[in-house]
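>
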Amino acid sequence: MELRICHLYPDVLNLYGDRGNIRCMVKRLEWRGLSAQVTELPIGETADFSQFDLFFIGGGQDFEQGVLLDDLRRSGKAASIRAAAADGKVFLAICGGYQMLGRSYTTWDGQGFDFIGAIDVHTQGGQQRMIGNYVFRCADESGGHEIVGFENHSGKTHLGSGVHPLGQVIRGYGNNGEDGTEGARWNNVFGTYSHGPVLPKNPGFCDMLLQTALDRKAPGWGILAPLEDTLENTAHANVAKFVLGTT
Ligand code: GLN
Numbered sequence: 004m005e006l007r008i009c010h011l012y013p014d015v016l017n018l019y020g021d022r023g024n025i026r027c028m029v030k031r032l033e034w035r036g037l038s039a040q041v042t043e044l045p046i047g048e049t050a051d052f053s054q055f056d057l058f059f060i061g062g063g064q065d066f067e068q069g070v071l072l073d074d075l076r077r078s079g080k081a082a083s084i085r086a087a088a089a090d091g092k093v094f095l096a097i098c099g100g101y102q103m104l105g106r107s108y109t110t111w112d113g114q115g116f117d118f119i120g121a122i123d124v125h126t127q128g129g130q131q132r133m134i135g136n137y138v139f140r141c142a143d144e145s146g147g148h149e150i151v152g153f154e155n156h157s158g159k160t161h162l163g164s165g166v167h168p169l170g171q172v173i174r175g176y177g178n179n180g181e182d183g184t185e186g187a188r189w190n191n192v193f194g195t196y197s198h199g200p201v202l203p204k205n206p207g208f209c210d211m212l213l214q215t216a217l218d219r220k221a222p223g224w225g226i227l228a229p230l231e232d233t234l235e236n237t238a239h240a241n242v243a244k245f246v247l248g249t250t
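Heads up, the final residue of the sequence shown is numbered 250 in our numbering, and it's a clean run with no missing numbers.
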């Protein structure tokens, strides 16, 4: 069994080591005797998206998001992403990448970006940056795990009807600092504000994404075997303790 992973815009969207999420997914597959093939699609390159099982998009600043607008349309990536999302392919999109999957983003200084519209969310920039380590809990439909991460955004994201929050904020800002929601889940698209990278210290979340991609690729394939996650769980617990001030 092999998962085909597409890393969209590794050249532009890669804040805070977001690409570490790819390494984490590949390693957790390999440790179970499964394999992964990673295809990077930078600006100017495209591919047949039907070959991919899982897409990853990292975060980026307003400037980088603006730079991508032209390529999204010109290369056909916007339409391909919309089709793949509607087809139930798995996406993990972080912060600026998450905003980009939505309909639009008006930056804090008034620039208007029409984005992909793969999921019905929109983002409005605010004067206050929402920054810091944070903790949220995923909804049961998205695995129910407690997630520790790091957020840094001025965009406030609001979910349209039919899009569920990825989870609820325990400590921090999440989507907008107002309604207690964090991230988005639509079909098998997972958007989150969590950089970090998020997956190495949240192994249950990583496995949920991999399992969802495997289930879609080969229904009835089976359940991912547990791994020895002492280090990962210790990293998680230490960040949670730091943020929540509890043991
Ligand atoms: N530019 C976006 C914002 O500030 C996203 C930033 C990011 O990806 N960290 O809201």
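Note that beta-carbon positions come from the ideal geometry of N, C-alpha and C, so glycine has one too. Quick caveat, the model's predicted, so the values are computed rather than measured.
#1: Please report the distance separating the alpha-carbon of GLY146 from that of ASN205.
#2: On a CA-only basis, which of ASN190, GLY128, PHE116, PRO203 is nearest ILE150? Give me that one, please.
#3: Leaving aside the five residues before and after GLU1 along the sequence, list all residues of the same chain whose C-beta is less than 6 Å from its C-beta, in chain order.
#4: The beta strand (DSSP E) that contains ARG174, what's its start and end?
#5: Terminal residues of the continuous alpha helix (DSSP H) containing ASP73?
#6: Go through its chain and collect everything with a Cβ distance to VAL242's Cβ below 7 Å, but skip five positions before and after it.
#7: Following a CB-centred definition, is GLN171 positioned closer than 7 Å to any heavy atom of ligand 1?
#8: Look at the Cβ atom of GLY163, then the Cβ atom of VAL124, and state whether they are nearer than 8 Å.
#9: Which term fits ILE134, buried or exposed, when burial requires 16 or more other beta carbons within 10 angstroms of its beta carbon?
#10: Let me know the secondary structure DSSP gives ALA121 once reduced to three states.
#11: Closer than 8 Å by C-beta to GLN131: which residues in its own chain qualify, once you throw out the five before and the five after it? Chain order, please.
#12: Since PHE116 and ALA86 are thought to touch, with beta carbons under 8 Å apart, how far apart are those beta carbons, to the nearest angstrom?
#13: Quick check: does the Cβ of LEU75 come within less than 7 Å of any heavy atom belonging to ligand 1?
#14: Hey, is ASP65 close to ligand 1, as in C-beta under 7 Å from one of its heavy atoms?
#15: What are the start and end residues of the alpha helix (DSSP H) that includes THR233?
#16: Since PHE139 and GLY170 should fall inside the 8 Å C-beta cutoff, what is the C-beta to C-beta distance between them, to a whole number of angstroms?
#17: With distances taken from CA atoms, which of GLY20, PHE245, ILE25 is nearest LEU255?
#18: Would you call the stretch 56-71 in contact with the stretch 225-239, where contact means no fewer than 3 C-beta pairs closer than 8 Å?
#19: So for GLU5, helix, strand or coil by DSSP?
#20: Following the continuous alpha helix (DSSP H) through GLN102, name the residue where it begins and the one where it ends.
In short, the structure shows the following:
#1: Computed Cα separation, rounded: 11 Å.
#2: Taking each of ASN190, GLY128, PHE116, PRO203 in turn and checking the Cα distance to ILE150, the smallest one comes out for PRO203.
#3: Since the first residue of the chain shown is 4 and the last is 250, residue 1 is not available in this structure.
#4: For ARG174, the uninterrupted beta strand (DSSP E) segment begins and ends at 170-174.
#5: ASP73 -> alpha helix (DSSP H) spans 65-77.
#6: Same-chain partners within the cutoff: ASN136, VAL151, LYS204.
#7: Taking the Cβ of GLN171 as the reference point, every heavy atom of ligand 1 lies at 7 Å or farther away.
#8: Taking 8 Å as the Cβ cut-off, GLY163 and VAL124 qualify as a contacting pair.
#9: If you draw a 10 Å sphere on the C-beta of ILE134, you find fewer than 16 other C-beta atoms in it, and that means exposed.
#10: In the three-state scheme derived from DSSP, where H, G and I count as helix and E and B as strand, ALA121 is classed as coil.
#11: The residues are SER157, GLY180.
#12: PHE116 to ALA86, Cβ: 21 Å. No contact.
#13: The closest heavy atom of ligand 1 lies 7 Å or more from the beta carbon of LEU75.
#14: ASP65 Cβ: within cutoff of ligand 1.
#15: Looking at the DSSP string, the run of the alpha helix (DSSP H) that includes THR233 is 233-247.
#16: That pair is a contact at about 4 Å.
#17: Here the chain comprises residues numbered 4 to 250, so residue 255 is not present and cannot be evaluated.
#18: Judged by Cβ distances under 8 Å, the stretch 56-71 makes no contact with the stretch 225-239, as fewer than three pairs qualify.
#19: Note: GLU5 maps to strand in three-state DSSP.
#20: Its alpha helix (DSSP H) spans residues 99-104.
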